[in-house]
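This report refers to the structure that appears directly beneath it.
Residue numbers (the working numbering), protein chains in the order written: chain Z, 536 to 712; chain R, 18 to 476; chain Y, 559 to 948; chain S, 15 to 1004.
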């Protein structure tokens, strides 16, 4: 496998970043990544991200949690060992609601977080591919990837046209390896 | 996105993105000041006292507390409910205000969430400690066992086990997920060092990739959507510890929403108490502005009034019910031997927050600080009043008794303060108190005269 | 943008037909159905409370958003105002119950009260009941009149002072309604079952009427859009209204279960009597109520897409409206008509159609009285330009 | 041994001495040993006690009632008939023996006096068996010696006493025919022996009055069961007077409305609110010195009404008018008794009874009571003789003169010059330090003995355990002195054969008859006294009564729990709350609220009278000018830290040489400024208008049996539920308590503690409301507390109500408490984690939490909290092995004596028969002298409880909460003209 090379262009403003990206997209050069210090509003539309499937995951997990909790409680109370507590019926639905609800939330929340971490490939101690340490500070970075060296200059130009500053070819440092 | 010009800026002082990062991460640079060490030392001292008190409680027995055959719960459960309530502000701010698109939450949600977690840790101690047989506490979990005996799903205390642990878990995840980008910021600011490695591990390899951000936002929103009913459910379930009983003063249907309102009320008061000091100590006046304080005060007055209406509703319904026990319970609250607790509660919770109707007071930091402490005290007494005055004179006058705490109970309570502040001091030292990324995201719309090219000078 | 609403002939026709149908159904019900005096009064109370509660809910919606400095609601503020400003109609509709007090409220029969009701006489007595009614209606009407007037004023004046004054009156209204919503619910609804009491009842009723108001606002918004107005209301606004309906339906369910669970749990006869009556005599409706007030909006509006679908939103809102009508039905009927009125007949439907048609007339009339969006509102621009987080 | 000046000093001295005593040391070290050692010792202790008891116990002679004696079956209890007698009342009992150790005392249902009833003291007397402070070996001047050495020395000394000097045998009343025979034998050998009876309580006045009338000292046999009108002047016959257990049983016969429509009328004149007074229908509060005035007034009024001669120089108190009318109306079915220890007053009382014709109906001379034979003049002359040097030897037999002698006699001074002093005692009592010889006496559960309670009413005691210490029974102590070597059993048997059973015609062989008597424990002969009373000669009544009462008077009384104080070293009794004041662990000066207000005294303020400092207890229903305190206190209790409980108030009484008087006028009451927290189990005394105890008047009851209980029907009618009741297909246990029969005597409370191993927590813990009693008796005052005569008292025993809709069960997170299929609210102790949530939710507050390690069952070492020594090696032998000993941090509560239910169910199953109603008796039910507690299966249509539930008087406590309790109550009906019954504020839906 060939060594990947990247060219990065810096923006200092999120509005300019969005305009710049639209400009770059016109040139058919695929954008490898955009690094921002905070979630830039509208960026996902510009980059044409599909809507995340995390909500669906949360719903499924939550439903599963609720069903498991409810069925377990019913089983415990009416089948495993039906005990008479204060004359309450064995199948005492209102009593099951709180635990059912909590388990639904717990399942949904845990699955969401793990879904997010796994999908994003991050986690405790995961290596980070960092192009510019300032991206977590004040720099909006557009990262373009090239394999063929001949493309390098073209990309440079595109970025320049798109208003990017501080354009450079870079070999990213891997944090935490 | 257009923002109406009559809105107050959320970040003052014409901050650039860079400045935001610098200002907020400043406390993490260099050596901490003497004040910090003094504070931490005091907190550790209180924690040690708590440790001794806990040892006595577990070793000697609950008899070392001031409880008796009539009053089975006293300071312990009062503190439990109080701490859980305090915790609610964090979740309320980060979940419900997020759903309501209240942008001013961005400056305070991080520290409020941290307080949530620390407060829930403190709170969680009490249900454990109040058990007569702590070593057997694991019985509350429905694990398969040779006796084929499960747990009692009818018990609100069991619901608490699920609610509090879920709440703690979800709050922790929510908080930490929000923290990841900021930890990455700190990581990226550090020179190669051991510290940097630690932050690198903690940052989960966050890069700020647009794709991650999109996913992160989506997850945060749903977590907020989950946390909003969760925060309602937690204090509702806590309230059901009382409301499901038949004890007059405990059994009343308004408890669930009223407890939630009370929890947010006390939580905001605690956030204010701490943030008014923290913003000064850490020089964050530009991020936690008087406007923020005013917004929080508005929440205080709203929830305080809800709580007040609930008090009056309870009082009226006790009379209206025509039930002798109900009527007596409330007369006893107001004029019985614990009248002072009731009137402290009434004064602190219902009367003092009404001062916030005046804009001048609402925007006055000193006044806010004092009133927030009043509210903290009042909300503690609310739980004390509910627990102790309802129990000490219930149905059979033959069993009526009095309750006063022992040093052990007070010690455990102080110990939880120790725990809370130890964690809080460590938190402000090692993590950003304000959510850096989130503040940056509202800087454009709500920063004071955000000057774009100001950044150039910082290169 | 056509911001001036005009009542067309079609609207008039539809509403006139509604009024006539309502009257016809009532007459039919009276001739062919079995009815009692109690049932007539119960229907007057039910629909009267429904109408006045919608007015209150709508103004609360406006007021609470104004003091919370919310921007997005500016687009629907006038619609809510139109509903709210007809408080006089609701008052006219509910006041007649004074004449039916003896049919509706057991406590009014002072000649044979048991010991407990005697204890309650300090509150539950006719003169005080009427006095309270006057206070509620006078207070509401005054504050709503002020709010409406100030809001209309902003159409012609760009003075921010008007806006701040509006906010002050909104705050006053919120405080006043915070107390009176509970007490009026105790007076008009809870005291039907004179022995029964629940501290949550006031809040529960209030959240019910608030959800109902949101449903009605959604219905009106969509209807007006179909009539060609409000074209500036886009998916984002509908999404927000949908979230509202979704969220408050859950909140309503939370209060419902809070009240039911606690009473179910303690199982004290003085409290359970309320639910026992409903579960034995109104078994089906009792559960249907929960399903259409909670289960339907919960699943229908959970996904983001559904909240942005006009028809989906409209049908859900209509179902929720029916649900809260049923909720009121269950609050009123068991205590007044007992098992005799254990169902919904042409009489109930007739009354409701009649009242709602009259109410709609009034709402449309109010809509003509100003621009459909407050012109000089400080959040005017902000409310058109925003997006929900995905 | 050192002499001591004060009790405090005595305690210290004793403590120091204990340090040298190896046994005391051992006990102490056991108490302080760590858990592992403790378990070893405990295991060894139990095993050795069991082995010792089962190997050496006199199997051949003891005959169990139910089980054949050949062997002891481990885990199966045997019952032995015996008799409790401690110088006061005598109560035939059955002793439950398990694995060689007595663990419970039950009443003997064959006894015609008590019908199986017991008292708190009878129940508690078991614990004194396991009292480590008992003298363990014979001692001479504090040095342990052997029995043979002791006997040799004693005989030598006795022989050396010159004939002109008396040998005083100072004893409590001996009602044992066989001991009397032994003493006769002694008297034969030593003709100078003189028996002086020193009772802890003097009934000399009563006896002397009857001596006047019938010629010999006698206490007649009262029949409260035959009396329609009972008038008592200060006599607490339900609590402490003569034989309260028997009287309670008689008294309630006319209070049980479920059996007949008869209700006796009880009128009490008294100065201090007593147990009897609190049960009275009408009550008049008078000063103690006024008693005779009122009695004379009553005499004269009745004399007028019955045309009899009146007494001279007697005023008329108008309060007695009504009493007189009632008495005359019920004629011979009347009974007047008085507490006065003055012969003349008792003569007037006799005169009243005679005029009414009660002699022969409610007062019988056929079976004269043998109890309390002491004569005050004997005691004073004994003292005089001692002072004059006319006494050569004093032998004390369980009479503890150092404590029981009137305060004007200083025992120490009295006997310091006497050559031979012997104390035969089963207690570490106050007399021991002053006597040369201390001879340890068996506990009654270790001894053979016989009793004649009343003429012709015999009972037996048989040993149920081998003597724990080196002690002997009285026969074995005395017989060697006359040179006889005969076993007690044989001695008694011989005596009975020749004197008691022989008289009776037997249907069977003789030996069988003895066995049957042993097995029954009681024997009734047809023997009658031939005492005849003569008519009262009014001239006989000397006007010697001192009429001048002080402005402020002191009244000494005996507490129901502790009585004369003989059982003071008994944690069960000390922790028993007084049935009136609800205070335990101390005595106190009880004062009327108005007096307290006048002097600005608050509850617990210490005041001083004649050097006696005691805290004040504000007691409604007391005469304003009277300060009262209980006798029987000021004794030392061997707890891990020995302490003196309360103060001895005897020296507040000034005794003339003619008799002991239990009141005195006092002046100069000093307020000390010190406060002392009294330990009490009830702090609020007003029902707050709640329909907890429902009562009505007899008139209203006759009109409508449900009167006062109107609420029950309303509540039943409005019971709605959101879920169906669980079905109880087999048994459904239930209990009913007749509030009209319950006198509040507390026997049930001690019985429950003994049966269920309920921990004793000590004074400090009671102060903190940590008491553990599973069964408590709630006591409320109704009416205004400021009018002492109007105040009325209601009582209600409350234990777990075993609700079918139990609020407690719902909330336990770990399912440690739930409902059995037989309707019992059950606790799984080993599952309990101690959240106390159930306790909070219990509307009856009957659940008890183990705040500390009271029992030693906790797994954490060094944290035991045993203030009363109840976990000592020896005391643990009293534990009921059928009931779990609860650990620290666990909730416990009444189980309906589930162990008894299971036992009887198993028995029935083994016999393949059905349980009969009444087969199962809970401990409280069994102990109750009033038989106010009824237990049974509500699913059995023939059972008594299923009949009672239909009784119009039946209701449940807090029934409006719909907790569906299995315990029910029957309304209290007072025999009063009209009754301000509390109208319950409860809804009735119209």
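Where is the CB? At the ideal position from N, CA and C, for every residue including glycine.
Predicted model, so just to flag it, every value in this text is computed and none were measured.
Report yes if the CB atom of residue 1020 (chain S) is closer than 7 Å to the CB atom of residue 219 (chain S), and no otherwise.
What the structure shows of chain S is the stretch from 15 to 1004, and residue 1020 (chain S) is not part of that stretch, so it cannot be assessed.
So, does the CB of residue 636 (chain Z) fall closer than 7 Å to a CB anywhere in chain S?
The count along the first chain starts at 1 and reaches residue 636 (chain Z) at position 101. No, because no Cβ of chain S sits closer than 7 Å to the Cβ of residue 636 (chain Z).
Please confirm if residue 749 (chain Y) has its CB atom under 7 Å from at least one CB of chain R.
Numbered from its first residue, the third chain carries residue 749 (chain Y) at position 191. Not an interface residue.
Any heavy atom of the ligand NAP within a distance shorter than 6 Å of the CB on residue 665 (chain Y)?
No copy of the ligand NAP occurs in the structure displayed, which carries no ligand at all.
Chain Y partners of residue 632 (chain Z), CB-CB under 8 Å?
Position 97 of the first chain, counting from 1, holds the residue named residue 632 (chain Z). Chain Y residues near residue 632 (chain Z): 815, 819.
Name, in chain order, the residues that DSSP records as bridge partners for residue 747 (chain S).
Mapped onto the fourth chain, residue 747 (chain S) falls at position 733. In the DSSP output, where bridge partners are listed per residue, residue 747 (chain S) has S:951.
If we define contact as Cβ-Cβ less than 7 Å, is residue 393 (chain R) a contact residue for chain Z?
The sequence position of residue 393 (chain R) within the second chain is 376, counting from 1. No, its Cβ sits nowhere closer than 7 Å to a Cβ of chain Z.
Our contact map puts residue 391 (chain S) next to residue 348 (chain S) with C-beta atoms below 8 Å; I'd like the distance itself, whole angstroms only.
For the purposes of this step, residue 391 (chain S) is identified with residue 377 of the fourth chain, where counting begins at 1. For the purposes of this step, residue 348 (chain S) is identified with residue 334 of the fourth chain, where counting begins at 1. Going by Cβ atoms, the distance from residue 391 (chain S) to residue 348 (chain S) rounds to 31 Å, so no, they are not a contact pair.
Look at the alpha carbon of residue 312 (chain R) and the alpha carbon of residue 125 (chain R), and state the distance between them as a whole number of angstroms.
Counting from 1 along the second chain, the entry for residue 312 (chain R) is found at position 295. Counting from 1 along the second chain, the entry for residue 125 (chain R) is found at position 108. Cα to Cα, the separation comes out at about 11 Å.
According to DSSP, which residues form a beta bridge with residue 486 (chain S)?
Here residue 486 (chain S) corresponds to residue number 472 of the fourth chain, with the count starting at 1. According to DSSP, which records beta bridges pairwise, residue 486 (chain S) is partnered with S:455.
State the Cα-Cα distance for the pair residue 856 (chain S) and residue 864 (chain S), rounded to the nearest angstrom.
Stepping through the fourth chain from its first residue, residue 856 (chain S) is reached at position 842. Stepping through the fourth chain from its first residue, residue 864 (chain S) is reached at position 850. Cα-Cα distance, rounded: 16 Å.
Work out the CA separation of residue 351 (chain R) and residue 357 (chain R) for me, nearest whole Å.
Working through the second chain from its first residue, we reach residue 357 (chain R) at position 340. Working through the second chain from its first residue, we reach residue 351 (chain R) at position 334. The straight-line gap from Cα to Cα measures roughly 8 Å.
If we cut at 7 Å on Cβ distances, does residue 646 (chain Z) have a partner in chain R?
Within the first chain, numbered from 1, the residue matching residue 646 (chain Z) stands at position 111. Judged by the 7 Å Cβ criterion, residue 646 (chain Z) is not in contact with chain R.
Just to confirm, are residue 615 (chain Y) and residue 771 (chain Y) a CB contact at a threshold of 7 Å?
Working through the third chain from its first residue, we reach residue 615 (chain Y) at position 57. Working through the third chain from its first residue, we reach residue 771 (chain Y) at position 213. Contact flag set, yes.
When DSSP builds the beta bridges, which residues end up paired with residue 410 (chain S)?
Translated into the one-based positions of the fourth chain, residue 410 (chain S) becomes position 396. Looking at the DSSP assignment, residue 410 (chain S) forms a beta bridge with S:184, S:437.
If you measure from the beta carbon of residue 617 (chain Z) to each beta carbon in chain Y, is any gap under 7 Å?
Within the first chain, numbered from 1, the residue matching residue 617 (chain Z) stands at position 82. False, the Cβ-Cβ gap to chain Y never drops below 7 Å.
For chain Y, find out if any of its Cβ atoms is closer than 7 Å to the Cβ of residue 263 (chain R); answer yes or no.
Translated into the one-based positions of the second chain, residue 263 (chain R) becomes position 246. Closer than 7 Å to some Cβ of chain Y, the Cβ of residue 263 (chain R) qualifies, so yes.
Short of 6 Å in beta carbon distance, which residues of its chain neighbour residue 36 (chain S), apart from the five on each side in sequence? Order them along the chain.
Working through the fourth chain from its first residue, we reach residue 36 (chain S) at position 22. In this prediction, residue 36 (chain S) has a pLDDT of 43, which is less than 50 and means its spatial position is unreliable; nothing more can be read from the coordinates.
Going along chain Y, which residues have a C-beta under 8 Å from residue 629 (chain Z)?
Against the first chain, residue 629 (chain Z) aligns to sequence position 94. Within chain Y, the residues near residue 629 (chain Z) are 815, 818, 819, 822, 823.
Answer with buried or exposed for residue 629 (chain Y), where buried requires no fewer than 16 other C-beta atoms within 10 angstroms of its C-beta.
Position 71 of the third chain, counted from the first residue, corresponds to residue 629 (chain Y). Under this definition residue 629 (chain Y) is a buried residue.
Could you spell out the range, first to last residue, of the alpha helix (DSSP H) harbouring residue 585 (chain S)?
Counted from its first residue, the fourth chain places residue 585 (chain S) at position 571. Here the alpha helix (DSSP H) through residue 585 (chain S) covers 585-588.
Classify residue 670 (chain S): buried if its beta carbon has 16 or more other beta carbons within 10 angstroms, exposed otherwise.
Counting from 1 along the fourth chain, the entry for residue 670 (chain S) is found at position 656. It is exposed - the Cβ of residue 670 (chain S) has fewer than 16 other Cβ atoms within 10 Å.
Considering only the alpha carbon of each residue, which of S:222, S:364, S:271 lies closest to residue 236 (chain S)?
Residue 236 (chain S) sits at position 222 when you count from the first residue of the fourth chain. It is S:364 whose Cα lies nearest to the Cα of residue 236 (chain S).
Is the Cβ-Cβ distance between residue 96 (chain S) and residue 475 (chain S) less than 7 Å?
Here residue 96 (chain S) refers to the residue found at position 82 of the fourth chain. Here residue 475 (chain S) refers to the residue found at position 461 of the fourth chain. Going by C-beta atoms, residue 96 (chain S) is nearer than 7 Å to residue 475 (chain S).
DSSP beta-bridge partners for residue 218 (chain R)?
Translated into positions along the second chain, residue 218 (chain R) becomes position 201. Note: residue 218 (chain R) sits in no beta bridge, so no partner.
Name the chain R residues that come within less than 7 Å of residue 783 (chain S), Cβ to Cβ?
Position 769 of the fourth chain, counted from the start, is the residue given in the question as residue 783 (chain S). Neighbours of residue 783 (chain S) on chain R, chain order: 85, 86, 87, 418.
Can you tell me which of the three DSSP states residue 622 (chain Z) falls into?
Taking the first residue of the first chain as position 1, residue 622 (chain Z) is located at position 87. In the structure shown, residue 622 (chain Z) sits in coil (DSSP, three-state: anything other than H, G, I, E or B).
Would you say residue 574 (chain Z) reaches chain S, if we count a Cβ-Cβ gap shorter than 7 Å as a contact?
In the first chain, residue 574 (chain Z) corresponds to position 39, counting from 1. For residue 574 (chain Z), the answer is no, since every Cβ of chain S falls outside 7 Å of its Cβ.
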